[in-house]
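K.L.:
Numbering (the UniProt record's numbering), first residue to last: 1 to 115.
Yeah, the Cβ is synthetic: ideal placement off N, Cα and C, and Gly gets one too.
Quick look at the structure:
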């Protein structure tokens, strides 16, 4: 991932919706820290089509990095703020046991998904 230039802030986002399935797909995006960030629907659709299982998660970071050359070498300074989020995916109920599932469904414990 490229570092922002000269202390300019950037926004970095990761989304994983297939925690226990066969898909190793994780969405990673980076852009300027402008106060808003939009992921195209087609990208989200592609991520969802790769599979959904377990407890979907998201992580968002705001960060800035700057560096300077000192007598002893390069000194890099990074400031970042992190926010974790639990995501909801329509039509998917994560679970750890049958009690977590809607009536008539059971928990596939290996995939942490109600079926």
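Mapping the DSSP letters down to three states, classify residue 50 as helix, strand or coil.
P.N.:
coil
K.L.:
Just to confirm my understanding: we take residue 13, look at its own chain, exclude 5 residues before and 5 after, and list those with CB closer than 6 Å. What are they?
P.N.:
So the qualifying residues of the chain are 29, 60.
K.L.:
Got a sec? Which residues, its chain only, sit under 6 Å from residue 56 by beta carbon, not counting five neighbours each side?
P.N.:
17, 87, 89
K.L.:
What residue range is occupied by the uninterrupted beta strand (DSSP E) comprising residue 77?
P.N.:
73-86
K.L.:
Less than 8 Å between C-beta atoms, sequence neighbours within five positions excluded: which residues of the same chain meet that for residue 93?
P.N.:
Excluding positions up to five away in sequence, the list reads 100, 101, 102, 105, 113, 114.
K.L.:
Run the CB neighbour count on residue 54, radius 10 Å, all protein chains shown included, and call it buried at 16 or more, exposed below.
P.N.:
buried
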